[in-house]
Structures are given as structure tokens and as C-alpha cells.
Amino acid sequence: MSVTKVPSTATCPCHRRRLFSSYSPSPNIKYSTILKLSAAAKTSLTTNHSSSSRQKENHFLKLVNRSCKVGSYDEALYFLECMASQGHRPGTVFCTKLIRGFLKASMIEKGERVMEILERHGTPDTISYNVLAAGTLASLSDYSCGEFLKRMGKHGCSPDTVTYNTLIGALCAGDQLSPAFELLDRMMMGDDHRPTITTYMILVETAVRSYAGGGGSGTLSTSFVTLLLDRIPSEEAYNAVLRRMCREGLVDGAWEILHKSLLLQSHSYCRPSVKSCNILLRGLLDQRRWEDAEKLVSEMVSPSTDIQQPDIVTYNIMISSLCREGMPEKAVTVLKDMMAAGMKPIAGTYNNFDPLVSSYCKQGRTDLAVKFINYIAVNYSGRYVLDILNYNTILSSLCKSGEIDEAMKIFDGLESAGCAPNTSTYNAMIGGLWNNGRKQIAVEMVGNMMNRGVEFDDVTYNVLISCLCRDGMVDSAVRLMRDMEQSNGFRPNVITYNSLILGFCKSQRVELAVDVFTEMVEMRRCLPNQSTYVILVEGVAYAGHRGTAVMLGNALFQRNLISIDSVGRLKKTISPTRKND
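Residue 236 in full-length UniProt numbering sits at position 236 of the sequence shown, with consecutive numbering throughout.
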């Protein structure tokens, strides 16, 4: 039996060709095509690996962030170390959060550890270093501040104003004023980190604390003032430092700076101006240091001192302070001194007359307010024009006290005094006339207001609605409100709704009062106040449902919707012994 040999593929080229042809219809594959396919395969493998690496990195970042949010800083540090050991870059924001968390917990070493990881494996920024510096104030010295700045520069970070303020604060915390001033000099050399008012205040507060703690009076030495003024670049900065000191209660320190700067002839921009003195004057009066304030003003007036003369603002500060303390007679004396010096009282926002008028009216001495206004109008006619604001204050006070005839007399004389009545004038007069039984004149006043083209405001509408409701004309008040909504775009507020609710409750139509309350809350999204709830509870009680009123009042109090004072008022008006529901 003969055996047939199978040809070897190595010796049979034809078979080799058939073998390849069985796998592909086109065995003529180009060499460049093979290279392209192999390169694509390699890229795909690299991309998959890179994608996997990014996924792991994002996973670690999520773990770190989650741990920081719940305050598990040790756990976050563990994940951060794992992340760095596997070659992933830690996020700057997450690391900064972690540093802040450790430092708040007084775990300085661990905060430093996070920064080391960030410096070695990530990219720290200026904010990261600022957070680190702020948390390690106690350990920073003159030497370490310099090393800290070098450390920042080594990692490509430039200090900003916050950095320098933090480092200066660290030096001041250790009573190292000289190195702090040296750091301030370095700060002033850069364009991106100029000193701020906070910078100067850090130094001032330290100096005051240092001299007071050393047995001194808490004032500033001439040497310190010299060092400080050498570095204040402008009059605006000088005044800003004084203003900040007075605001923070360091009035004595501001006084020292102002007086000692007079001795420094080379600092023309840091010499006390009238604006500087006004800042200090306000600070003294805010602390009720009247004798010191008088001393300062005397120095300003005296020709022997190198301080500018008082201006209109100086007098306005004194007048306002005296009136605020209930001393209008002294304020009048100051006002007369001001006018004798040829200064014209300010009108408008900083009106010199209004504090005086308001002070008299608050004390119930409206007659003196009227006499004062008449005195100004008669003796200074043509020189000083009174503002309508002055008259409005007096008219409002007269109407509230029931002196309608006097109010009408002043109102009728407004035109001759050169003050046209405005919306506030009419609001005071309409409400006062109506509430004092002069309803017909009040209605005529409304017509007068419309004829003169004086616009209504929300107060006008609320005054009219309140007047109608108090006289039992609640339906007319509702119609007026609807008309005003449609024609003038008036939006009812809590005052409007309180007037309507009170009107319905007084007429024992509690159901309609509740309907108004429902519209107020659900449709208008207008938040009720305590008065709203008290009016409703009293209305329910007056309608004969005292038991319900008591339970409603208790429920509102439990929900903190009415105060204990309101509860006391309700107890006086509602007797819980009777229950008619």
C-alpha cells in the first residue's frame, strides 16, 4: 500500500499562496498599511491606560473631597497619600481645603504634610500658601517669614497683598514691629501687592496693644508715628487710617497720629486737614467725649495752631450729635456760630436744620420747632432757604398731636416760604385731617394733590385705605385698592392688608378678614407680620369665639410667629374664661 506525501508549505509556494488567500480576498497588503494599523493599536492601548489612570485619579479626588466635607481630615490625608504614591497629581483646591481644615483643628504638622505633598506632586498656588501662613501665625518669626517667601518663589508662586498682611500680622503678633515695617517696605516695592488700610491697621493695633501692655497709656510714640507716616502714600490713605481707627474704637491712637503728624514737617500729605479733624471729631462724639471734642474744635478755630478752620461738615457733625443726645438748645448755639462765620446751612441729605427740628419734635416740643423755623425764615430770609423736609417733620408731629389748626396754618404758608408741598407733605396732612375729624378737608386735600400733579406713592394709598377702614368703610377701601391696582399699578403690602383685616374684624366680618389674609399669603405672597396675627386673633375673639382665639394665640406663639409682648397684649384683651364656639 503506497502512502501519498503531503507537500510541505515550506517547499510549495503555491500552497503558501493558497493558505494566505483563504484568509483574505486580497493578499497584497501594503507595508505602510500594516504599520498604520499597528500604530493605531498601540495608541488605543495607551489611550485605554490613560483613561483608566484618569478614572483612578478622579476617584481619589472624590474620596478626598468627600472626607473633607464631613470633616474626616485624617481619612482625606490617607487618600491623598495613596493618590500621590500611585503617581496621581493632587488637586490644588482640595489640598487647600484640607490644609485649612487641619489648621482650624490646630493640627499644624498635618497641614504642613499636605502642603509638602502638594509641592512635590501637584501645583500649589498663592491661596494655598496664604492659608498655610494664616494658620501658622504663632510659629512665624522674622527669619521664617523670609524663608516662607523664598519657599513660595521656589514653587513659582508670587506673594500678594493677603500674603504680606498675613506675615506682617504674624510678626506683630510677636511684637516684632521693626521686622514688620521692613516687610512693609518690601511690600511697597511691588505693583501687585500694595499696602491696604488693613495693612496699616495691623501695625497700629499692635503698637497700641504694645504700649498699653507695657504699662503705658495705650497711646502711640512719636517714633512709631514717624515710621508709619513715612509709609503712608497719600492724604486719602492717611484719612482712611484715621477713619478705620475711630470706627474700631482706637480714638486715642487717632488723636496721637493727628497731633504728632503736625510736628513732621516733611510729610505734607499727612498733615491734618479739616477732613482729618472731622473724622476725629466724629469719633470723639460717638464716644460722647464732649470736652475732647470742644478742645479739638478750639484748636481748629485758633490761629495759633497749624490746623485748617472748621467747615460746614464740622458744624453739621456737632449739630447732629447734640440733637441725637437731646440737646437742641446747644445745637442752636452751634448753628448760630456757623452762620455768623458766613457758612450757609446745607440743604438736602445733610440738612443742618432737620436734626434740630426732629429733636424738638421727638421731645414733644413742637412749638419750639415752629419758633425755630419762623426765626430762620424771618431773620435770614433770602440768605437761607428752608427745605420742605423741615416743614414735613413739623407737620407730621402737629398732626399726630392733634394740632390741626397750626398744621393747616403752616401748610397754607408753604408757597410763600418757597417750599412747594410734596407727596410726604400731603400724606401727613391727609392722615392727620381725617383722623382728627376733618374728613371733608382731607378729601379736598386729595383733590388738591391731584390737581397740582403731585404723584401718589404707596404711603398715600395706605393712608387713604387706613382712613376708610377705621371709619367702617371697608368695602370702599377694598374698591379703592382694586382701582389703584388696575389704574396705577399699586401693589398692596403688609400695611395695606393689615388695615383691611382690622376693618373687617372691627365690623365683626371675620370670615372676610380671613379671606383677605388668604389672598395676602397665597395669591400675593405677602408675608404677614406680628400685627397681622394679633389683629386676626383679636378679631376672632371680638366675634364671640374667645376659646378659638386663645388656642390660635397659643399656637402662633409656639411657632414663634408672635412675641411674648404680643401674648401679653392678647391676654389683656381676651378673657379665656368664656368659650362660645
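We put the CB at the ideal spot given by N, CA and C, even for glycine.
How big is the Cα-Cα spacing for residue i and residue j?
{"i": "S566", "j": "T496", "result": "20 Å"}
{"i": "M339", "j": "D160", "result": "50 Å"}
{"i": "N422", "j": "G553", "result": "42 Å"}
{"i": "G418", "j": "L386", "result": "8 Å"}
{"i": "I501", "j": "E415", "result": "39 Å"}
{"i": "D252", "j": "P303", "result": "24 Å"}
{"i": "N448", "j": "K439", "result": "14 Å"}
{"i": "F181", "j": "M201", "result": "13 Å"}
{"i": "P492", "j": "S321", "result": "38 Å"}
{"i": "D192", "j": "T199", "result": "14 Å"}
{"i": "S396", "j": "Y360", "result": "13 Å"}
{"i": "E235", "j": "T206", "result": "22 Å"}
{"i": "Q363", "j": "V478", "result": "37 Å"}
{"i": "C505", "j": "Y542", "result": "8 Å"}
{"i": "I257", "j": "A105", "result": "39 Å"}
{"i": "L203", "j": "A341", "result": "40 Å"}
{"i": "residue 659", "j": "T305", "result": "This structure does not reach residue 659, given that the chain is present from 1 up to 581, and the question cannot be answered."}
{"i": "L63", "j": "G91", "result": "12 Å"}
{"i": "P355", "j": "V459", "result": "23 Å"}
{"i": "K572", "j": "D412", "result": "43 Å"}
{"i": "L389", "j": "Y426", "result": "12 Å"}
{"i": "G87", "j": "Y129", "result": "23 Å"}
{"i": "D286", "j": "I279", "result": "11 Å"}
{"i": "I410", "j": "S424", "result": "15 Å"}
{"i": "C526", "j": "F517", "result": "9 Å"}
{"i": "R209", "j": "R194", "result": "25 Å"}
{"i": "F456", "j": "V297", "result": "45 Å"}
In this structure, does DSSP put residue i in helix, strand or coil?
{"i": "F181", "result": "helix"}
{"i": "G544", "result": "coil"}
{"i": "C526", "result": "coil"}
{"i": "Q176", "result": "coil"}
{"i": "Y461", "result": "helix"}
{"i": "K336", "result": "helix"}
{"i": "F20", "result": "Its pLDDT being 40, under 50, F20 is placed unreliably by the model, and the measurement read from it follows with that caveat. Reduced to three states, the DSSP call for F20 is helix."}
{"i": "I232", "result": "coil"}
{"i": "E415", "result": "coil"}
{"i": "E355", "result": "The amino acid occupying residue 355 in the given sequence is Pro; Glu does not appear at that position. P355 falls in the helix class under three-state DSSP."}
{"i": "C157", "result": "coil"}
{"i": "Q363", "result": "coil"}
{"i": "N28", "result": "With a pLDDT of only 47 at N28, under the threshold of 50, the placement of this residue in the model should not be trusted; the figure read from the coordinates follows. Looking at N28 - three-state DSSP - the assignment turns out to be coil, as it is neither helix nor strand."}
{"i": "residue 582", "result": "With the chain represented from 1 up to 581, any question about residue 582 goes unanswered, as that position is not in the structure."}
{"i": "S144", "result": "helix"}
{"i": "L220", "result": "coil"}
{"i": "D192", "result": "coil"}
{"i": "P345", "result": "coil"}
{"i": "F490", "result": "coil"}
{"i": "E403", "result": "coil"}
{"i": "M481", "result": "helix"}
{"i": "M445", "result": "helix"}
{"i": "M327", "result": "coil"}
{"i": "K295", "result": "helix"}
{"i": "residue 583", "result": "For residue 583 there is no data in the structure shown, the boundaries of the chain being 1 and 581."}
{"i": "R209", "result": "helix"}
Ends of the alpha helix (DSSP H) at residue i?
{"i": "residue 585", "result": "Because the chain here runs from 1 to 581, residue 585 falls outside it and cannot be looked at."}
{"i": "V131", "result": "126-135"}
{"i": "H121", "result": "108-121"}
{"i": "D565", "result": "564-573"}
{"i": "F79", "result": "73-85"}
{"i": "C419", "result": "Taken as a continuous stretch (DSSP letters only), C419 belongs to no alpha helix (DSSP H), as it is neither H nor E."}
{"i": "R438", "result": "Counting along the chain, R438 falls outside any alpha helix (DSSP H), and DSSP gives it neither H nor E."}
{"i": "F456", "result": "Element bounds for F456: n/a, residue is neither H nor E."}
{"i": "Y380", "result": "Taken as a continuous stretch (DSSP letters only), Y380 belongs to no alpha helix (DSSP H), as it is neither H nor E."}
{"i": "N278", "result": "274-286"}
{"i": "N560", "result": "First-last for N560: undefined, no H or E at that position."}
{"i": "H259", "result": "251-260"}
{"i": "K506", "result": "494-506"}
{"i": "T393", "result": "388-400"}
{"i": "K97", "result": "92-104"}
{"i": "L512", "result": "510-518"}
Using a C-beta cutoff of 8 Å, does residue i count as contacting chain D?
{"i": "N379", "result": "Here chain D cannot be found, since the structure has a single protein chain."}
Looking at residue i and the ligand GDP, is the gap between the Cβ and the nearest heavy atom below 7 Å?
{"i": "S261", "result": "This structure does not include the ligand GDP; it has no bound ligands of any sort."}
Taking one C-beta from the stretch 119-126 and one from the stretch 150-157 each time, how about it: are there three or more such pairs within less than 8 Å?
The stretch 119-126 is in contact with the stretch 150-157.
Contact between the stretch 235-248 and the stretch 270-283 (3+ Cβ pairs under 8 Å)
Touching, yes.
Specify whether the stretch 475-486 and the stretch 518-530 touch according to this definition: at least 3 beta carbon pairs, one from each stretch, less than 8 Å apart.
The stretch 475-486 makes no contact with the stretch 518-530: fewer than 3 CB pairs, one atom from each, lie closer than 8 Å.
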